[in-house]
Amino acid sequence: MTQTPDDGGITALLRDDLRGEKPYGAPQLDVPVRLNTNENSYPVPPSVVAEITAAVAAVAADLNRYPDREFTELRTALAAYLSSSGTSVDPAQVWAGNGSNEVLQHVVLAFGGPGRTALGFTPAYSMHPIISGSVGSTWVNGLRGAGGTPFDLTVESAVAQVRAHDPHVVFLCSPNNPTGTALGLEVVEAVYAAAERAVVVVDEAYEEFARPGTPSALTLLEGRPRLVVTRTMSKAFAFAGGRLGYLAADPALVDALRLVRLPYHLSAPTQAIALAALRHAPEMLATVEVIKEQRDRIVAELARLGLDPVASDANFVLFGGLDDAAQTWRALLDRGVLVRDVGIPHYLRVTAGTPAETGAFLAAMAQVARPEQDRSAP
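Numbering (the numbering used here), first residue to last: 3 to 380.
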């Protein structure tokens, strides 16, 4: 970044490693069909809205007091929700923050930092390197695709990279963003065993959308004190505006996160509305199956158009076969459909929305699709 005459010398004061960097952010444009940020397209049910409103009203009179610093009731509710999947989780194993990004930041603040290395297997969630770098960690881009398909991650490849870089924090995504692909537990187990001095984070932000039989790393927590599984209420719970992310880990690791959290980091209204949503978990999750149907519809229809969609366990689909991804993105936007350009040549990512939104995307895509030609041809 070059200092501009009117920046008041701010660029000169900025940390060297932040100069020239760009902040995270997807376009927030007012278009008819917004399918670029993996939000749940369905609004919060009216019955839950009513309970959320009542919950906020109940705590409003006490806003002169700090909230429960340990968010004990919320941790208990989150533990009960995780345990409902069949793996017992104790409240002492649970931590939460303002979105999963804050939870991830707590992990890196505690176990990363200057002189320490964080490793992730890219393409993956773009906030992992941003969060790691923001606290001074050295970021290493691990690679996917060694198994013969573009985005897979094999045990052999993952272990070799972990041993080569000896990281302090390892990020795994299952399902992975932006590819939608899930990991087998054998990869998590192997990475954990190989990364002997690292905290291993399995980011499961989209786990509720996984296809039947897709395992969760929650089942691996017992006996692995360096393993962390992160989740969010933003996606399946249709609660992105509520900003509540959480993790499950060994109680000793959770206790370490108290060293880096800001005081009273979860407000009383945040705790109240999250508790209200969790009390209505079945209603909040009622749209998951229809979203999965639309995701699979997108995969099938894009394949019929001659494109190359990646089979997904998330609420989005990464698709390739585009001559020019940026041009296709613009052509879709011109037709009122906003998708995400994730920076992978010849690929775009689209969120599975309502049937009507999915239909609008597919109709627009049928008009603009330009399958790439055989690049091996002379």
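Note that the Cβ used here is the ideal one computed from N, Cα and C, for glycine as well.
Please read these numbers as outputs of a predicted model, since none were measured by experiment.
| Check | Outcome |
| --- | --- |
| On the criterion of 16 or more Cβ atoms from any shown chain inside 10 Å, does V91 qualify as buried, or is it exposed? | buried |
| Which residue comes first and which comes last in the beta strand (DSSP E) that contains A250? | 247–251 |
| Looking at G182 and D32, is the spacing between their C-beta atoms short of 9 Å? | no |
| When you compare each of R228, T55, L280, V137 to V193 by their alpha carbons, which one comes out closest? | R228 |
| Among S43, A254, A278, which one has its Cα closest to the Cα of V61? | A278 |
| Where do the N-terminal and C-terminal ends of the alpha helix (DSSP H) with F113 fall, by residue? | 102–113 |
| Just checking, does the region 156–164 make contact with the region 173–191 on the three C-beta pairs under 8 Å criterion? | yes |
| Which one of V46, L20, L16 has the shortest CA to CA distance from G244? | V46 |
| Counting C-beta neighbours from all protein chains within 10 Å, is the total for I12 16 or more, i.e. buried, or is it exposed? | exposed |
| Excluding sequence positions up to five away, which residues of its chain have a Cβ less than 6 Å from the Cβ of S236? | A242 |
| Is the Cβ-Cβ distance between A212 and V231 less than 9 Å? | no |
| Put T272 into one of helix, strand or coil per three-state DSSP. | helix |
| In the DSSP assignment, the beta strand (DSSP E) including A327 goes from what residue to what residue? | That residue, A327, is in no beta strand (DSSP E); its alpha helix (DSSP H) goes 327–336. |
| Go ahead and label R21 buried or exposed: buried means 16 or more other beta carbons lie within 10 angstroms of its beta carbon, across all protein chains shown. | exposed |
| Going by Cα to Cα distance, which pick from P69, G322, L187 is closest to M367? | G322 |
| Suppose the cutoff is 6 Å on Cβ atoms and the five residues either side in sequence are ignored; what does the same chain contact list for A258 look like? | A112 |
| From which residue to which residue does the beta strand (DSSP E) around G322 run? | 318–322 |
| Touching or not, the region 113–128 and the region 271–286, by the rule of three or more beta carbon pairs under 8 Å? | no |
| Measure the Cβ-Cβ separation of V105 and L222 and say whether it is below 9 Å. | no |
| Work out the CA separation of E53 and S139 for me, nearest whole Å. | 42 Å |
| Whole angstroms are fine: how far does the CA of G135 sit from the CA of A82? | 34 Å |
| Measure the CB-CB distance between L287 and A207 and report whether it falls below 9 Å. | no |
| Let me know if D326 comes out buried or exposed under the rule of 16 or more other beta-carbons within 10 Å of its beta-carbon. | exposed |
| Near D19, which residues of its chain fall below 8 Å by C-beta distance, leaving aside the five closest residues on each side in sequence? | G135, G138 |
| Is it buried or exposed for E303, if we count other Cβ within 10 angstroms and need 16 for buried? | buried |
| Name, in chain order, the residues that DSSP records as bridge partners for D310. | G322 |
| When burial is assigned at 16 or more other CB atoms within 10 Å of the CB, is L145 buried or exposed? | exposed |
| Helix, strand or coil for P99? Go by DSSP, reduced to three states. | Reading off the sequence shown, one finds Gly at residue 99, where the question assumed Pro. Correct three-state label for G99: strand. |
| In or out: A251 buried (at least 16 other Cβ within 10 Å) or exposed? | buried |
| Across which residues does DSSP place L340 in a beta bridge pair? | R36 |
| I need the straight-line Cα distance from V312 to A184, nearest angstrom please. | 11 Å |
| Using a 10 Å radius around the Cβ and a threshold of 16 neighbouring Cβ atoms, would you call K294 buried or exposed? | buried |
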